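In the numbering used here, the protein residues as written are 1220 to 1706.
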């Protein structure tokens, strides 16, 4: 689950009374009230009100320093205090955060709360902070929780207290990432799944595919969903239709001891799911005891084919496929605009991102993924050659102002090579030797001349050739602006 960079908290108190001195009102009062209102609205949008407590430039704490009138306005505008982040990177021993959170909750009054709570360990401060947040659970609207399971016990205890899902009447977006044995299964979490429009769960210990179907069967209003699960499907699987889901991500882990049973459970799960309006699908395969190759891909292909009417983005990570299986799978989703593939960086023999795969996409540019605009490959990077890569790129570059299917972005990430290519510029480095960046002076079509000259170099070693401006023929040099840096 992605999080912005952790903030460093200053030692001084975050209370308003101890902030820097407030500027005079003379400058602001010279403007008509309408202009002052527009300036205030602009500044509210400019300063992130949901920045971490103590972060430089955090909205309300910044706005109250402008003038006395702004101070009064900010302190009496609850929505400005209803979005915040608690990013804690180390255990806290003082009460500063507890006091700051209490002030924030008080000033937000009855406004719906959108917040991120991230705490690395279970300690007294963590427990106090979450207790404060839970006391305002009737105002939760968009919530991200990342903490040890033991610190979130109260989420399950609400059922025992007789509050249950009624404790979160305003909740629409929920993201929970925990590590540690939960007190009960995800099924007993005190949440009304029906009201959610966004759900992101990453729980350790893993829920099962049975648990996922239990949640999805009720969460009929979801627009976006990300779940992790062990490949165990033992109950009679219901048919689940998610009519509004546009983005679905699944992260699968070992379930049964027998690889074939895990694969069968996965296939049975796919047969139960229907997402007629899905635009993005991601599948991450983390089965360490799974099969070296999927014995059957028909169920996965059938699932994608059923959702292909609107599917534009596909991400497949570490799935045990061979190249023919992958090509056949992609033929079932002709409307893709974005494709992201990842394969183990230590497995060379099974790497499906190879010459055969690139040639298949190049030869079938008009029929296989004809609308493709963005591609990202993450693998060992030793199974495809520069000529095959170049042929794939040039087969997809049409260089028309608005041309569906004209490749706009290619990204490669591997131990052998890290590169990005677009019709306007490229960045490439290899073996940590050199970072080569170049942009075009003129038409994007010139890149069709530049890349062959670039990729024709001996890319097996940056020690033998240095991609400097003088390293290219004059006609190629005239097209480019270079920025070459050692890595």
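Glycine included, each C-beta is placed from N, C-alpha and C at the ideal position.
Keep in mind the model is a prediction, meaning the values are calculated, not measured.
Burial state of residue i, where buried means 16 or more other Cβ atoms lie within 10 Å
{"i": "residue 1462", "result": "exposed"}
{"i": "residue 1660", "result": "exposed"}
{"i": "residue 1565", "result": "exposed"}
{"i": "residue 1516", "result": "buried"}
{"i": "residue 1251", "result": "exposed"}
{"i": "residue 1662", "result": "exposed"}
{"i": "residue 1325", "result": "exposed"}
{"i": "residue 1562", "result": "buried"}
{"i": "residue 1647", "result": "buried"}
{"i": "residue 1368", "result": "buried"}
{"i": "residue 1318", "result": "exposed"}
{"i": "residue 1293", "result": "buried"}
{"i": "residue 1365", "result": "buried"}
{"i": "residue 1482", "result": "buried"}
{"i": "residue 1406", "result": "exposed"}
{"i": "residue 1460", "result": "exposed"}
{"i": "residue 1675", "result": "exposed"}
{"i": "residue 1286", "result": "buried"}
Range covered by the alpha helix (DSSP H) that runs through residue i
{"i": "residue 1631", "result": "It is not in any alpha helix (DSSP H) - residue 1631 instead sits in the beta strand (DSSP E) that spans 1628-1632."}
{"i": "residue 1573", "result": "From DSSP, residue 1573 is part of no alpha helix (DSSP H); its letter is neither H nor E."}
{"i": "residue 1346", "result": "1343-1354"}
{"i": "residue 1548", "result": "1542-1550"}
{"i": "residue 1287", "result": "1287-1294"}
{"i": "residue 1668", "result": "1666-1674"}
Residue i - DSSP class collapsed to helix/strand/coil
{"i": "residue 1525", "result": "helix"}
{"i": "residue 1323", "result": "helix"}
{"i": "residue 1336", "result": "strand"}
{"i": "residue 1701", "result": "strand"}
{"i": "residue 1615", "result": "helix"}
{"i": "residue 1594", "result": "strand"}
{"i": "residue 1696", "result": "helix"}
{"i": "residue 1259", "result": "helix"}
{"i": "residue 1463", "result": "coil"}
{"i": "residue 1429", "result": "helix"}
{"i": "residue 1281", "result": "helix"}
{"i": "residue 1587", "result": "coil"}
{"i": "residue 1387", "result": "coil"}
{"i": "residue 1603", "result": "coil"}
{"i": "residue 1536", "result": "strand"}
{"i": "residue 1610", "result": "helix"}
{"i": "residue 1445", "result": "strand"}
{"i": "residue 1647", "result": "strand"}
{"i": "residue 1371", "result": "helix"}
{"i": "residue 1513", "result": "coil"}
Limits of the beta strand (DSSP E) - the one that residue i falls within
{"i": "residue 1363", "result": "1359-1365"}
{"i": "residue 1306", "result": "1302-1306"}
{"i": "residue 1423", "result": "1417-1423"}
{"i": "residue 1638", "result": "1637-1640"}
{"i": "residue 1655", "result": "1653-1659"}
{"i": "residue 1494", "result": "Premise fails: residue 1494 is in no beta strand (DSSP E) and is neither H nor E."}
{"i": "residue 1500", "result": "1499-1505"}
{"i": "residue 1397", "result": "1392-1398"}
{"i": "residue 1557", "result": "1557-1561"}
Distance, residue j Cα to residue i Cα
{"i": "residue 1434", "j": "residue 1458", "result": "12 Å"}
{"i": "residue 1542", "j": "residue 1568", "result": "11 Å"}
{"i": "residue 1388", "j": "residue 1472", "result": "33 Å"}
{"i": "residue 1328", "j": "residue 1374", "result": "22 Å"}
{"i": "residue 1337", "j": "residue 1371", "result": "11 Å"}
{"i": "residue 1446", "j": "residue 1639", "result": "30 Å"}
{"i": "residue 1572", "j": "residue 1673", "result": "21 Å"}
{"i": "residue 1504", "j": "residue 1474", "result": "12 Å"}
{"i": "residue 1439", "j": "residue 1519", "result": "22 Å"}
{"i": "residue 1596", "j": "residue 1605", "result": "14 Å"}
{"i": "residue 1249", "j": "residue 1441", "result": "49 Å"}
{"i": "residue 1477", "j": "residue 1485", "result": "13 Å"}
{"i": "residue 1194", "j": "residue 1396", "result": "In the structure as shown, the chain starts at 1220 and stops at 1706, and residue 1194 therefore has no counterpart that could be examined."}
{"i": "residue 1628", "j": "residue 1559", "result": "11 Å"}
{"i": "residue 1436", "j": "residue 1492", "result": "10 Å"}
{"i": "residue 1616", "j": "residue 1576", "result": "18 Å"}
{"i": "residue 1603", "j": "residue 1578", "result": "10 Å"}
{"i": "residue 1657", "j": "residue 1666", "result": "10 Å"}
{"i": "residue 1525", "j": "residue 1334", "result": "36 Å"}
{"i": "residue 1392", "j": "residue 1424", "result": "22 Å"}
{"i": "residue 1417", "j": "residue 1410", "result": "13 Å"}
beta-carbon residue i near the ligand GDP non-hydrogen atom, thresh 6 Å
{"i": "residue 1701", "result": "No copy of the ligand GDP appears in this structure; indeed no ligand is present at all."}
Proximity test, Cβ basis, 7 Å: residue i and chain B
{"i": "residue 1548", "result": "The chain inventory of the structure shown lacks chain B, comprising one protein chain alone."}
Quiz item: If you pair each beta-carbon of the stretch 1412-1428 with each one of the stretch 1440-1455, do three or more pairs fall below 8 Å?
Solution: yes
Quiz prompt | Contact the stretch 1281-1293 vs the stretch 1305-1317: 3+ CB pairs below 8 Å | solution = no
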